[in-house]
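> First the structure, then my questions, so here it is.
Number of protein chains: 4
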Amino acid sequence: MEMRERILEAALRLYTSKPPQNVTTKEIAKAAGVSIGLVFHYFKSKDELEREGVSYFIEKHAFLEAKNVREFVEKNLKFAKENPGIFRFLQYVFEKEKYAGSKDLALKVYEDGLKRLKNMLQVENPEKIATLLMAMIDGLAMYSFFLDLDVEEFTDTIVGLIGCL
Amino acid sequence: MEMRERILEAALRLYTSKPPQNVTTKEIAKAAGVSIGLVFHYFKSKDELEREGVSYFIEKHAFLEAKNVREFVEKNLKFAKENPGIFRFLQYVFEKEKYAGSKDLALKVYEDGLKRLKNMLQVENPEKIATLLMAMIDGLAMYSFFLDLDVEEFTDTIVGLIGCL
Amino acid sequence: MEMRERILEAALRLYTSKPPQNVTTKEIAKAAGVSIGLVFHYFKSKDELEREGVSYFIEKHAFLEAKNVREFVEKNLKFAKENPGIFRFLQYVFEKEKYAGSKDLALKVYEDGLKRLKNMLQVENPEKIATLLMAMIDGLAMYSFFLDLDVEEFTDTIVGLIGCL
Amino acid sequence: MEMRERILEAALRLYTSKPPQNVTTKEIAKAAGVSIGLVFHYFKSKDELEREGVSYFIEKHAFLEAKNVREFVEKNLKFAKENPGIFRFLQYVFEKEKYAGSKDLALKVYEDGLKRLKNMLQVENPEKIATLLMAMIDGLAMYSFFLDLDVEEFTDTIVGLIGCL
DNA sequence: TATGAATGAGCATTCATTCAT
DNA sequence: TATGAATGAATGCTCATTCAT
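Residue numbers (my numbering), protein chains in the order written: chain P, 124 to 288; chain H, 124 to 288; chain L, 124 to 288; chain D, 124 to 288.
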């Protein structure tokens, strides 16, 4: 694996396993087995590393891929339960970005999810329902930090909810 | 207003208007018009001030108060849109707490909302549906950071969704 | 002596005894017998400390005070010989300032010297001659870094030069 | 042009256009259109590159060449006004050298100027007057950083000053 | 010759926290 | 209660220098 990738992987591992604001560059370098200098050789700043981390994650994991709504919900809930930290990390980066004046990264991720989900929905208001579904999943992802969600049951409930439309 | 309260108000104002990790005690003291020494006189540590900030916010604002589901959804969405920062702040504190080994604060807030909402729902699975509703609202609160949500429309859609059960 | 002053004195001692770019804040703090934190408590940044160092030096030492031209030249040459570093420090700060967009500090020091000297000169072009005199002294100050100037002899030569006008 | 020369030219351009302590090797390499590795291939260290830069400048530009005193003063003042940075750079290198234990480079430049100038002066104390002249020019060079000197006028004044001896 | 990835000591600066007054 | 001077470990980042290719 290339150095740049190694650094990104190490960064993601750390950013998703503890409060993002507690992650240091030194720590990332150590986790990646490289020097601090190299981190800054590949990424202009910590902020850039974080943004690139988000992009890398999205490309690599394509976490919203699914054939139908049930699968979409199930896969995402499962992923959220297993990786609650990733949602916090995304939010952390989005907020910093926003405070720095840009919403691009957040919108890109949101719209990417929306596009995938919209086509699966045979309802009147696909965009609105898709947004609600994603919000639900992201909300449950947050809850999974302190709640032990039963993925099967919640999937059933959500699919039932959508199905009655 | 008492000093302690002034400090908490100032802290909340700051914590909800910028990335929480960027808020400093000095800044809080200045915003409250007191010395740093006094902040540490009233709160053992910054962490405690943050936890107390969450408790203070919940007691003071009772933001989940409503007569029925529609009002609950509408009020909360409206609040979320106007105060997106507060959700970020809550999550920030919850995560730090969890990393320090406790889920109490997060669970307290979650269960408080659940209790209020459950009674309003005439459905088979009130607890599960209530959790979903809250997740949806929290998710949309996060989205309102970078999306311009139409509260009325989303309220209608959500109430419709629940109603068809 | 007050802390702020102690820091400035220590800073000046260091800045004039070695290449200014090699002076670190840690070193200044240590030399002043205070913590690094305190240095930044009194001075917003290293740049500000340096500027304040220049101002402090000028106020404290009033190194251009003299009754007549001979005394002016002699005192200044002597001072320059004993403190060659101070001229380098001034220049170092002036250049940084200039690069940051301001010439105020440099002009202030120049004009201060000019004012004192002009009145002592009974020549046709007092301002021009005063500038030349100061340039000569500053030039010799630079030379005294690697040359062993004889203050008496140079004073005589310079006074003779001016006197023949 | 040979690589070595290209690097020296690029270095001089940078060292004279901003505070010398802000110039990095990476920057020099980029400006010269070569890799950092090559810079260190031709010069053992940054310090050596700087010293070689001084030597190169002196050989290349022979900035003290002139037929008589008037021309000497005029040419040098003009050069100083147009290239104030070069005097800063020379001083920067001289001081580092001195701090490292050597005055050779500075003395070489000083004595070179002295030799050229001495012969033009029909005065009693040619060496002393030559030193003063050079100090004056170097001092004015420093001033030209923040002062807009009129070369013609200053030349006249200086030549007049020398002439009355 | 020529490259630029890789290193890591060192720097300015921040900030929660303490404590004498 | 109330102040803010004082502390110092920790952080993001820089940059001269090396070295495998």
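Using N, Cα and C, we set each Cβ at its ideal position, and we do this for glycine too.
Of all the residues that make up the segment 197-209 of chain D, which are near chain L by a beta-carbon distance shorter than 7 Å?
So nothing in the stretch comes that close.
> Are the segment 225-238 of chain L and the segment 151-171 of chain L touching by the rule of at least three beta carbon pairs closer than 8 Å?
Because the criterion of three Cβ pairs below 8 Å is not met, the segment 225-238 of chain L and the segment 151-171 of chain L do not touch.
> How many whole angstroms separate the CB atoms of L244 of chain D and V232 of chain D, which I take to be in contact at a CB cut-off of 8 Å?
Wrong, their Cβ atoms sit about 19 Å apart, outside the cutoff.
> Measuring only the C-alpha atoms, how far is N199 of chain D from D271 of chain L?
Their Cα atoms are separated by approximately 24 Å.
> Measure the CB-CB distance between G176 of chain D and L131 of chain D and report whether it falls below 7 Å.
The answer is yes: Cβ separation under 7 Å.
> List the residues of chain P that R211 of chain H touches, going by C-beta distances under 8 Å, in chain order.
Neighbours of R211 of chain H on chain P, chain order: Q214, E218.
> Should Q134 of chain L and L172 of chain L be called a contact, given that it needs their Cβ atoms to be closer than 7 Å?
For the record, residue 134 of chain L in the displayed sequence is Ala; it is not Gln. Their beta carbons are under 7 Å apart, which means A134 of chain L touches L172 of chain L by this criterion.
> Determine the chain L residues that contact P249 of chain D at a beta-carbon separation under 7 Å, and present them in chain order.
Correct list: empty, because the minimum Cβ distance to chain L is about 11 Å.
> Compute the beta-carbon to beta-carbon distance between K241 of chain D and A253 of chain D, rounded to the nearest angstrom, for a pair I have assumed lies under 8 Å.
Indeed, because the Cβ distance is near 5 Å, the residues count as touching under 8 Å.
> Would you kindly work out how many angstroms separate the C-alpha atoms of Q144 of chain P and V192 of chain H, rounded to a whole number?
Near 36 Å, if we compare the C-alpha coordinates of V192 of chain H and Q144 of chain P.
> Could you pull out every residue in the same chain whose Cβ sits closer than 7 Å to the Cβ of A203 of chain L, ignoring the five residues on either side in sequence?
Only F210, I260, L263, A264, S267 meet the Cβ criterion.
> Name the two residues that bound the continuous alpha helix (DSSP H) containing T254 of chain H.
Its alpha helix (DSSP H) spans residues 249-266.
> Does any residue of chain D bring its CB to less than 7 Å from the CB of Y165 of chain L?
No - not a single Cβ of chain D is within 7 Å of the one on Y165 of chain L.
> Would you please state the rounded distance, in angstroms, between the beta carbons of L169 of chain H and T148 of chain H? I believe it to be under 8 Å.
The residue you asked about is not Leu; residue 169 of chain H is Lys in the sequence shown. Right, their Cβ atoms sit about 6 Å apart.
> What separation, rounded to the nearest whole angstrom, lies between the Cα atoms of E188 of chain P and M126 of chain D?
Cα to Cα, the separation comes out at about 54 Å.
> Does DSSP classify F166 of chain L as helix, strand or coil?
Three-state DSSP puts F166 of chain L in coil, outside helix and strand.
> For the alpha helix (DSSP H) containing M243 of chain D, name the first residue and the last one.
That residue, M243 of chain D, is in no alpha helix (DSSP H); it is neither H nor E in DSSP.
> Would you kindly report the start and end of the unbroken alpha helix (DSSP H) that includes K201 of chain H?
That run of the alpha helix (DSSP H) goes 192-205.
> May I have the straight-line CA-CA distance separating R174 of chain D from E220 of chain L, to the nearest angstrom?
Cα to Cα, the separation comes out at about 26 Å.
> Considering only C-alpha positions, which residue in the set L:E128, L:G160, L:H164 is nearest to Y179 of chain L?
It is L:E128 whose Cα lies nearest to the Cα of Y179 of chain L.
> So, does the CB of Q245 of chain P fall closer than 7 Å to a CB anywhere in chain H?
No, Q245 of chain P lies away from the interface with chain H (no Cβ there is under 7 Å from its Cβ).
> Considering only their Cβ atoms, is the gap separating Y222 of chain L from K141 of chain D smaller than 7 Å?
Yes, they are a contact pair.
> Do the CB positions of I151 of chain H and L161 of chain H come within less than 7 Å of each other?
Against a cut-off of 7 Å, the Cβ pair of L161 of chain H and I151 of chain H comes out as no contact.
> Only counting the same chain, and skipping five residues up and downstream in sequence, which positions put a Cβ closer than 8 Å to that of V274 of chain H?
If we look at V274 of chain H and ignore the five residues flanking it on each side, its Cβ neighbours are E197, L200, K201, K204.
> DSSP three-state label for V274 of chain H, please.
Three-state DSSP puts V274 of chain H in a helix.
> Taking D261 of chain P as the query, report the chain H residues whose CB atoms sit under 7 Å from its CB, ordered along the chain.
The contacting residues are G262, M265.
> When we look at the beta-carbon of E234 of chain D and count the other beta-carbons within 10 Å, is it buried (16 or more) or exposed?
Burial call: exposed.
> Is the beta carbon of T280 of chain H closer than 7 Å to that of K251 of chain P?
Yes, the pair counts as a contact, with Cβ atoms nearer than the cut-off.
> Pull up the distance between the alpha-carbon of P249 of chain P and that of L288 of chain P, whole angstroms please.
Going from the Cα of P249 of chain P to the Cα of L288 of chain P covers about 11 Å.
> Looking at chain H, which residues of the segment 132-163 of chain P have a Cβ within less than 7 Å of any of its Cβ atoms?
Going along the segment 132-163 of chain P in chain order, one finds K141, P142, Q144 with a Cβ nearer than 7 Å to chain H.
> Using a 10 Å radius around the Cβ and a threshold of 16 neighbouring Cβ atoms, would you call G283 of chain H buried or exposed?
Exposed, by the Cβ-count rule.
> Among the candidates P:G208, P:F277, P:F269, whose CA atom is the shortest distance from the CA of V146 of chain P?
Minimum Cα distance to V146 of chain P is reached at P:G208.
> When you compare the CB of F268 of chain D with every CB in chain L, is at least one pair closer than 7 Å?
Yes, F268 of chain D lies at the interface with chain L (some Cβ there is under 7 Å from its Cβ).
> Can you have a look at E218 of chain H and say buried or exposed, based on whether 16 or more other CB atoms are within 10 angstroms of its CB?
So E218 of chain H ends up on the buried side.
> Quick one: list the residues of chain H neighbouring E276 of chain P, beta-carbon separation under 8 Å, in chain order.
Near E276 of chain P (Cβ distances below 8 Å), the residues of chain H are K251.
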